[in-house]
Amino acid sequence: MKELQKKSSRHYRTQPEGGHSGINGTYQRIKPLFYWSTMKSDVQNLVKECEVCQRSKHENNPYSGLLHPLPIPEQAWSSISMDFIEGLPNSEGKDFILVGWTGLKATLFQALYGYPPHQLSIGPYLQNHHTEVEKLMQERIKVLQLLKDNLHQAQHRMKMYADKKRSEREFEVGDEVFLKLQPYGQTSIALRKQLKLSAKYFGPYRVIHRVGKKKVGSKYFPLVNLPEFEDEVFKVYPAAILTRRLISRNNVGVPQVLIQWSHSSPDQAT
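Right, dumping it as structure tokens:
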């Protein structure tokens, strides 16, 4: 009987006239035709477990992961963050930029002049009787402390507002998860003529290891620990083509290759 209930619910939901409706739509469609005591909860579980809906519909739950602010640097340019911004309009063959910033804004002396700045020690000046220098150094200390206090307040305020719309989630090894990829950047996963119709999530992929509390690695999207190089650029390049295949897209043959990348094993080929 339980299997018959599942089959009838799935039939009226997955057929073209059902259109993978939500919980209320599916329940209202089945309600005039059938009845059993746990029908509403069974419909809820059916909708939640539908793989097509999980990959194609937006998530109604709060954004996963609480906000974790970066630590406040001790002084200007003691900590520098860099990031690539991709998906920009193409300009002279380039569609991304490299952005660098620091928590405390100041001029990057060495980048401008080619040599490191002189280190000004505050101690000797404070021990001598240079009134103006001592006043200048004390003002510098006050301004730096004021910047740190304001940054702490701004981080606390931003975290308070952001966490109202977020939820804490943790994944264990062996869990299956869906991955959300950037729109219009999914051609390596799904070849579509109309990218706006592609799935919002891909998978499911099994978690094979954890890196801290917030990062996990899967078989097809591994986290790579970059080796430390002194004054060198770490590059990832194709090391070998493991296999080839020809798939059909809109009646046109599209070649695909499985590539093993440098600094990775064949199991991590894409």
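In UniProt numbering, the protein residues as written are 1 to 270.
Built from N, CA and C at the ideal position, the CB exists for glycine as well.
As the structure is a prediction and not an experimental result, all values here were calculated from the model.
query	result
For A154, three-class secondary structure by DSSP	helix
A239 - DSSP class collapsed to helix/strand/coil	strand
For Q44, the residue or residues it bridges with in DSSP	In the DSSP output, where bridge partners are listed per residue, Q44 has none listed.
Assigned secondary structure, S198 (DSSP; H/G/I helix, E/B strand, else coil)	coil
P32 to P62 span [Cα, whole Å]	34 Å
Proximal residues to L98 (C-beta, below 7 Å), its chain only, five neighbours per side dropped	M82, F84
Chain-order list of residues whose beta-carbon lies under 7 Å from that of L146 (same chain, five-residue window excluded)	none
V173 and H209 closer than 8 Å at C-beta	yes
First through last residue of the beta strand (DSSP E) which encompasses S81	80-85
Nonlocal neighbours in the same chain, by C-beta distance under 7 Å from G19, ignoring five residues either side	none
Among E176, P238, E134, I241, nearest to Q54 - alpha-carbon criterion	E176
Own chain residues within Cβ distance below 8 Å of A269, not counting five before or after	L242, L258, I259, Q260, W261
Coil, strand or helix - Q268 by DSSP	helix
Length of the line joining the Cα atoms of N90 and K135	51 Å
Strand pairing of Q256, partner residues [DSSP]	R245
Residues sharing a beta bridge with L98, DSSP	F84
Within 8 Å, strictly: CB atoms of L66 and E168	yes
L88 classed as buried or exposed, judged by whether at least 16 other C-beta atoms fall within 10 angstroms	exposed
Cut-off 7 Å between Cβ atoms - residues of its own chain near E232, not counting five sequence neighbours on either side	Because E232 sits at a pLDDT of 41, beneath the cut-off of 50, its placement in the model cannot be relied upon, and the point is left open.
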